[in-house]
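Participant:
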Amino acid sequence: MKFAKEFGVRRVFRYYLLGIATLIVIIYTLLLKEYFGRGLEQAMTVEMYFLAQDYDQRLANNPEAELPSGLYVQSYRDWSAVPEPYQSRLDQSELVSADLEVLFRNETSEPKAPGDIYFLFPFHLSNDEWLYITRHPTPGALQHDVRHQIWRIRVSQIILALAVILSVIILTHLFLLYVGRRVDRLAHWAHNLNLDTLTEKPPQMGFAEFSDIAEKLHSAFARLRTALQREKDFLRHASHELRTPIAVVRNNVELLQRRNPPEELTPSLARIERAAYGMQSMTETLLWLGREQREGAPRRDEDLAAAIREQIDFHRYLLHSKQVSVTLDAPGTWVTPIAITPWTIISANLVRNAFQHTAAGSVTVTLSENSLVVLNIDEEVDGPSEATEREESNRIGLKLCQEIAEAMAWSLQIDRRPDGMRVELRFEEARIK
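Here the sequence shown stands for residues 541 to 973, numbered as in this note's numbering.
Right, here's the structure in full:
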């Protein structure tokens, strides 16, 4: 099953914050533009309102008072005197006193220059007449300055937006560095956590959540160590307790064989002896695997060819009344430095499994440089169900062999087939784990 590619939390967090900061900058830039325009309109409204109020007060005292005027500002008492752009675009009857009207030269697009905007401020005077104040920036000496000011405002907006985004990136990077060091500390501590370092108290990780994770990992390893120790103690005690009855059985069988027992008892005594040998081999295997220190398997020069022949000859009783051919492909002698105890345990298990689970067919044992191959072909396997059943019966012995091989840094390759099994043990560069 293929899983989607996972991203690191730092990358996701960085992109998340950067996306939020960019979105905020875009929203505030749009809002700034909107409220900037509204602010200009409000300022224009207030300015024209004060002009109209001043004129209304002067008009009450002087009927010939001068109309308000100023930079780009013109005032009219008669609607017919108002310039054409206003008259053609506005209806006099719909005008509201003190409500600024804003017109654009081109109704389908935003204004690109101050000259594209027309302002009209209608005001109802105290004498029940109307005052129309217009403002239309026209090209002149000041238009360049206005454009320059608008351009400076836009540039300032862009600079401010970039500064905000850059600040978020820098702060995010610094925050991730701060958190990342604590994540790396937790990862390093978890990587080095093993059964030998459980006596040390978990260090403080800088964040309560990380320290809580460390505590939980430490507690889990402590429970695991307790379970493993309980399993090892049981295995060691059980194996030790079994050695005495096994020795008693083998010694008594040997005594019976020395007293020339009746011929009908000979096969039974042989089966008892072989069963006792098998139990002894199993207890030795379990005891060896249960050792915490395995320096008890020294390497010395051994003749592996003679050792494998001995295993084949000893286990031939498993082929009694079976149509099974055994082929040994090995040199006359093969002396090499090796830890003979684990090698013997594995080779004995492989030969015994091959002989025991082949009803009719062939068993081929090949010993070459640094490898042992056992291949059994059963011609009487009755379908996949029987093959599966035999595989299940092989599992315990092969699992023990696998554990021994891993402990010795050897390689045990198991190739299961419908009509048998091929197992290869490679024992080059052996060393104790």
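A virtual CB, placed ideally from N, CA and C, is assigned to each residue, including glycine.
1) Is it the case that the Cβ atoms of I917 and S902 are separated by a distance below 8 Å?
2) Answer yes or no: do P625 and Y658 have a C-beta to C-beta separation smaller than 8 Å?
3) Expressed to the nearest angstrom, what Euclidean distance is found between the alpha-carbon atoms of D843 and L827?
4) DSSP state of N667, grouped into three classes?
5) If you compare alpha carbons, which of L809, H780 and P802 is closest to E794?
6) Enumerate in chain order the residues of its own chain whose CB-to-CB distance from A899 is below 7 Å, with the five nearest sequence positions on each side excluded.
7) Looking at S696 and D596, is the spacing between their C-beta atoms short of 8 Å?
8) Determine, using beta carbons only, whether Y612 and R675 come nearer to each other than 8 Å.
9) For G610, write down the residues that DSSP places opposite it in a beta bridge.
10) Helix, strand or coil for G579? Go by DSSP, reduced to three states.
11) Using three-state DSSP, classify A870 as helix, strand or coil.
12) Comparing C-alpha positions only, which one of R856, S615 and L660 sits nearest to E634?
13) Taking one C-beta from the stretch 765–772 and one from the stretch 794–808 each time, how about it: are there three or more such pairs within less than 8 Å?
14) So, A913 versus R839, is the Cβ gap smaller than 8 Å?
15) Can you tell me whether V913 is helix, strand or coil according to DSSP?
16) What are the partner residues of R962, as DSSP defines its beta bridges?
17) What residues in its chain sit with their C-beta under 6 Å from that of T906, if we drop five residues either side in the sequence?
18) For S933, I'd like the list of residues in its chain whose CB is within less than 6 Å of its CB, leaving aside the five on either flank, ordered along the chain.
19) When burial is assigned at 16 or more other CB atoms within 10 Å of the CB, is I698 buried or exposed?
20) If V565 sits next to I705, beta carbons under 8 Å apart, how far is it from one beta carbon to the other, in whole angstroms?
21) Taking DSSP as the reference, what is the three-state secondary structure of S933?
22) Taking 8 Å as the threshold (C-beta atoms), are S911 and R849 in contact?
23) Could you name the residues of the same chain whose beta carbon sits closer than 8 Å to that of L757, not counting the 5 residues immediately before and after it, in chain order?
24) Using the C-alpha atoms, what's the distance from L915 back to T806?
25) List the endpoints of the continuous alpha helix (DSSP H) containing S887.
26) Where I753 and Q744 are concerned, what is the direct C-alpha to C-alpha distance, given to the nearest angstrom?
Facilitator: This is what the structure gives:
1) Taking the first residue of the sequence shown as 1, we reach residue 917 at position 377. Taking the first residue of the sequence shown as 1, we reach residue 902 at position 362. It is a contact, given that the beta carbons lie within the stated cut-off.
2) To locate residue 625, count along the sequence shown from 1; it is residue 85. To locate residue 658, count along the sequence shown from 1; it is residue 118. The answer is yes: Cβ separation under 8 Å.
3) What you label residue 843 is simply residue 303 of the sequence shown in a count that begins at 1. What you label residue 827 is simply residue 287 of the sequence shown in a count that begins at 1. Rounded to whole angstroms, D843 to L827 spans 25 Å at the Cα level.
4) In the sequence shown, counting from the first residue as 1, residue 667 sits at position 127. Correct three-state label for N667: coil.
5) On the sequence shown, position 254 is the one that residue 794 refers to. For E794, the closest of L809, H780 and P802 by C-alpha to C-alpha distance is L809.
6) Counting from one through the sequence shown, the residue named residue 899 turns up at place 359. Same-chain partners within the cutoff: K862, D918 and E920.
7) As a first step, residue 596 is located in the sequence shown; it is residue number 56 there, counting from the start. As a first step, residue 696 is located in the sequence shown; it is residue number 156 there, counting from the start. Inclusion of D596 and S696 in the CB contact set at 8 Å is not warranted, their separation being larger than that value.
8) As a working mapping, residue 612 is identified with position 72 in the sequence shown. As a working mapping, residue 675 is identified with position 135 in the sequence shown. For Y612 and R675, yes; Cβs fall inside 8 Å.
9) Counting from 1 along the sequence shown, the entry for residue 610 is found at position 70. Under DSSP, G610 shares a beta bridge with V613.
10) Here residue 579 corresponds to residue number 39 of the sequence shown, with the count starting at 1. Helix.
11) Here residue 870 refers to the residue found at position 330 when the sequence shown is read from its first residue. A870 falls in the coil class under three-state DSSP.
12) Reading the sequence shown from its first residue, position 94 is the one you call residue 634. When each option's Cα is compared against that of E634, the closest is L660.
13) Two segments are said to touch when three or more pairs of C-beta atoms, one from each, lie closer than 8 Å; by this definition the stretch 765–772 does not touch the stretch 794–808.
14) Translated into the one-based positions of the sequence shown, residue 913 becomes position 373. Translated into the one-based positions of the sequence shown, residue 839 becomes position 299. For the record, residue 913 in the displayed sequence is Val; it is not Ala. Judged by beta-carbon spacing, R839 lies beyond the 8 Å limit of V913, meaning their Cβ atoms are not closer than that value.
15) Locating residue 913 in the sequence shown gives position 373, where the first residue counts as 1. DSSP, reduced to helix, strand and coil, places V913 within a strand of the structure shown.
16) Indexing the sequence shown from 1 puts residue 962 at position 422. According to DSSP, R962 shares a beta bridge with L915 and D955.
17) As a first step, residue 906 is located in the sequence shown; it is residue number 366 there, counting from the start. For T906, where only same-chain residues beyond five positions count, the Cβ hits under 6 Å are D869 and V913.
18) The residue labelled residue 933 in the question sits at position 393 within the sequence shown. Caution applies to S933, whose pLDDT of 48 falls short of 50 and renders its modelled position unreliable; the value that the coordinates give is listed next. Cβ neighbours of S933 within its own chain (closer than 6 Å, five residues either side excluded): none.
19) Indexing the sequence shown from 1 puts residue 698 at position 158. Exposed: under 16 other Cβ atoms inside 10 Å.
20) On the sequence shown, residue 565 is found 25 positions in, with the first residue counted as 1. On the sequence shown, residue 705 is found 165 positions in, with the first residue counted as 1. For a cut-off of 8 Å, the C-beta gap from V565 to I705 is around 6 Å, short enough to register as a contact.
21) For this step, residue 933 is matched to residue 393 along the sequence shown. The predicted position of S933 is uncertain, since its pLDDT is 48 and thus under 50; no value can be drawn from it.
22) Against the sequence shown, residue 849 aligns to sequence position 309. Against the sequence shown, residue 911 aligns to sequence position 371. No, the pair does not count as a contact, with Cβ atoms beyond the cut-off.
23) The residue you call residue 757 lines up with position 217 of the sequence shown. Result list for L757: A730, L733 and P742, in chain order.
24) Position 266 of the sequence shown, counted from the start, is the residue given in the question as residue 806. Position 375 of the sequence shown, counted from the start, is the residue given in the question as residue 915. A straight-line Cα-Cα distance of about 32 Å links T806 and L915.
25) Taking the first residue of the sequence shown as 1, we reach residue 887 at position 347. Here the alpha helix (DSSP H) through S887 covers I880 to Q896.
26) Locating residue 753 in the sequence shown gives position 213, where the first residue counts as 1. Locating residue 744 in the sequence shown gives position 204, where the first residue counts as 1. If you take the alpha carbons of I753 and Q744, they lie about 11 Å apart.
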